[in-house]
Amino acid sequence: MRAPELLSPAGTIKSMRYAFAYGADAVYAGLPRYSLRVRNNDFLEDNLRIGIQEAHAAGKKFFMTVNLSPHNAKLKTFIKDMTPLVEMQPDAFIMADPGLIMMVRQQWPDLPIHLSVQANTVNWAAVEFWKKIGVSRVILSRELSLDEIAEIRDRCPDTELEVFVHGALCIAYSGRCLLSGYFNHRDPNQGTCTNACRWEYKPSAAEADVAGVYRPAAEEILPLDAFGANGGGALDLSGSQAEAFGPTGADQRHPLADQVYFLEEPNRPGELMPIEEDQHGTYILNSRDLRAVEHVQALTRIGVDCLKIEGRTKSHYYVARTAQVYRRAIDDAVAGKPFDPSLIAELDNLAHRGYTDGFFERHHTKEYQNYLEGVSKHRAQQFVAEIATVSGDWAEVEIKNKLAVGDVVTFMLPEGNRDEPLADMQTLAGEPLQEAPGGGYRVRIRLPQGAGAQGDRLKYGLIARHLPA
348 MRAPELLSPA GTIKSMRYAF AYGADAVYAG LPRYSLRVRN NDFLEDNLRI
398 GIQEAHAAGK KFFMTVNLSP HNAKLKTFIK DMTPLVEMQP DAFIMADPGL
448 IMMVRQQWPD LPIHLSVQAN TVNWAAVEFW KKIGVSRVIL SRELSLDEIA
498 EIRDRCPDTE LEVFVHGALC IAYSGRCLLS GYFNHRDPNQ GTCTNACRWE
548 YKPSAAEADV AGVYRPAAEE ILPLDAFGAN GGGALDLSGS QAEAFGPTGA
598 DQRHPLADQV YFLEEPNRPG ELMPIEEDQH GTYILNSRDL RAVEHVQALT
648 RIGVDCLKIE GRTKSHYYVA RTAQVYRRAI DDAVAGKPFD PSLIAELDNL
698 AHRGYTDGFF ERHHTKEYQN YLEGVSKHRA QQFVAEIATV SGDWAEVEIK
748 NKLAVGDVVT FMLPEGNRDE PLADMQTLAG EPLQEAPGGG YRVRIRLPQG
798 AGAQGDRLKY GLIARHLPA
């Protein structure tokens, strides 16, 4: 079998470098103005140039996301804004809007275009249509089953197909709401909506930890009365509430717009759902996260060209861990090895909202149920340090969370992971140290035996502490 390309997200240069170190074949990133990712995106023009140059020097690919649906105002500057980016020679533009695709085809007829998942391609006829327009790869909708993907592959052998296998799932697409079906198993698209969008939701503040994961804030950072009193959790940015946070104008984003919040529905206490807003809109409720590592073998057999991981706003730890796991799954599939259920456990070590394999299979097989039941639920880990420099058997590390001598840790290394107790820790002056109490410390730790021989590869090493059951 031919190995599909592994495509990882890159919200930062650092994430890109970790993606490549841990096995990704390509990354995707884009300018905030045109790529549907404004928050946690440092790929302005200079960094895009650096990213593309580094990717090509390493024999990797760099795809540029240009996947928004623009209003007329952005069309006026689109060609001018894109010209310096095209000159950087990205390997493709990822696009969704037919008008922008037409403009790019006319201006740069040789530039490869990949059709974004935003276009919601769900059948082989649509793939054929986009091929005639000049699209070389179609990123299929997340709402497809394995059988549907296989049929599209059979009917469209000359078009590259890309499929999402991991990351956040939207609760709706193209304005067709799935909220009621998700919460109550009553399908809004079949006339049985329970109006879940109008239920009462309690808002609370959120803050990011060192791994870039949003958790409930230690203390309120926003008065709850800044939310509308209509029971729907709507954020009110008008009148005196908005004025309390400073002036805004036509060219100025409101201070509240970049804040992340959690919503809690009274009938589901403890189930916190994130609400985020960027310049393209508000994303209120999310489903469980997609995890399809158990379907990599099937997707490889079908002949999918690329497996894609979502998460451009996630941390470099997330990018490294997902790239490492899906790299192993792809390599095992190509080698004809059976699926390794431990890969599910590896992904459980990432913060997530609960996992689902989405729409790939309507009913899970007995084999799949055995995978889930056989996976340990007691392997939770916390990202605690990253390696800065290495000297012999010792590494200087940046501490991100509490770490102590004797803690059982996973040394995540590009060449493979090692699980063992942390043997020794020192201050930078070489004095014995039993514990680094939290982020902000820089210390020396002893590496696993023989690990120091990896040299420069260790600069991408990460350390995760095993949490008690």
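Using our numbering, read the sequence shown as starting at 348 and increasing by one per residue. Built from N, CA and C at the ideal position, the CB exists for glycine as well.
For GLU767, same chain residues with a beta-carbon under 8 angstroms away, outside a window of 5 residues either side, are VAL755, VAL756, PHE758 and PRO795 in chain order.
Distances from the alpha-carbon of GLU733 to those of ALA727, GLU743 and GLY739 put GLU743 closest. In this structure, ALA366 lies near ALA670, with their beta-carbon atoms less than 8 angstroms apart.
Shown here for LEU493: same chain residues with a beta carbon closer than 8 angstroms to its own, the five before and five after excluded, namely HIS642, ALA645, LEU646, ILE649, PHE707 and GLU708 in chain order. Burial state of ARG562 is exposed, judged by a 10 Å Cβ sphere holding fewer than 16 other Cβ atoms. In this chain, the alpha helix (DSSP H) harbouring ASP393 covers 392-404.
By DSSP's assignment, CYS653 forms a beta bridge with GLU352 and GLU509. A residue is called buried once 16 or more other Cβ atoms fall within 10 Å of its Cβ, and LEU637 is buried on that count. DSSP, read as helix, strand or coil, puts TRP455 in coil.
Sixteen is the threshold: when 16 or more other Cβ atoms of the shown chains lie within 10 Å of the Cβ of ASN414, as they do, the residue is buried. Here THR359 is buried. Its C-beta has 16 or more other C-beta atoms within 10 Å. For LEU462, the enclosing beta strand (DSSP E) stretches over residues 460-462. Here ILE496 is buried: its Cβ has 16 or more other Cβ atoms, across all protein chains shown, within 10 Å. Here GLY514 has ASP636, LEU637, ILE656, GLU657 and GLY658 as same chain residues with Cβ atoms under 7 angstroms from its own Cβ, once five neighbours each way along the sequence are excluded. Distance from the CA of LEU694 to the CA of ARG668, rounded to the nearest whole angstrom, comes to 8 angstroms. Looking at LYS661, ASN696, VAL640 and ASP372, the one whose alpha-carbon comes closest to that of ALA680 is VAL640. Bridge pairing for ILE810: ALA732 and PHE758 [DSSP]. Taken atom to atom, the span from the alpha-carbon of GLU401 to that of ASN764 is near 25 angstroms. Judged by DSSP in its simplified three-state form, LEU690 adopts helix. If you ignore the 5 residues before and after GLY753, its C-beta comes within less than 7 angstroms of the C-beta of PRO768 and LEU769, all in its own chain and listed in chain order.
Residues of the same chain with a CB within less than 8 angstroms of the CB of ASP652, apart from the 5 flanking positions on each side, are PRO351, GLU352, ARG484, GLU507, LEU508 and GLU509 in chain order. A distance below 6 angstroms between beta-carbons, with the five flanking residues on each side excluded, links GLY701 to the following residues of its chain, in chain order: ARG635.
Judged by DSSP secondary structure, TYR365 falls within the alpha helix (DSSP H) whose first and last residues are 360-368. The beta carbon of HIS699 lies closer than 6 angstroms to those of ASP636 in the same chain, with the five residues before and after it left out. Around the Cβ of LYS423, a 10 Å sphere holds fewer than 16 other Cβ atoms; the residue is exposed. Within the same chain, and ignoring the five residues on either side of GLN436 in sequence, the residues whose Cβ sits closer than 7 angstroms to its Cβ are ILE399. About 26 angstroms separates the beta carbons of LEU458 and VAL469, which is beyond the 8 angstroms limit, so they are not a contact pair. Where ASN419 is concerned, the enclosing alpha helix (DSSP H) starts and stops at 419-434.
With contacts defined by Cβ atoms closer than 8 angstroms, ALA552 and ALA564 form a contacting pair. Under the DSSP definition of a beta bridge, GLN773 partners with PRO779 and ARG791. One Cα belongs to LYS408, the other to THR703, and the distance between them is close to 29 angstroms. Ranked by Cα distance from LEU760, the options VAL672, TRP455 and GLY705 are led by VAL672.
Distance from the CA of LEU516 to the CA of ILE448, rounded to the nearest whole angstrom, comes to 25 angstroms. With contacts defined by Cβ atoms closer than 8 angstroms, GLU498 and TRP471 form a contacting pair.
In terms of Cβ geometry, LEU395 and LEU354 do not form a close pair [threshold 8 angstroms].
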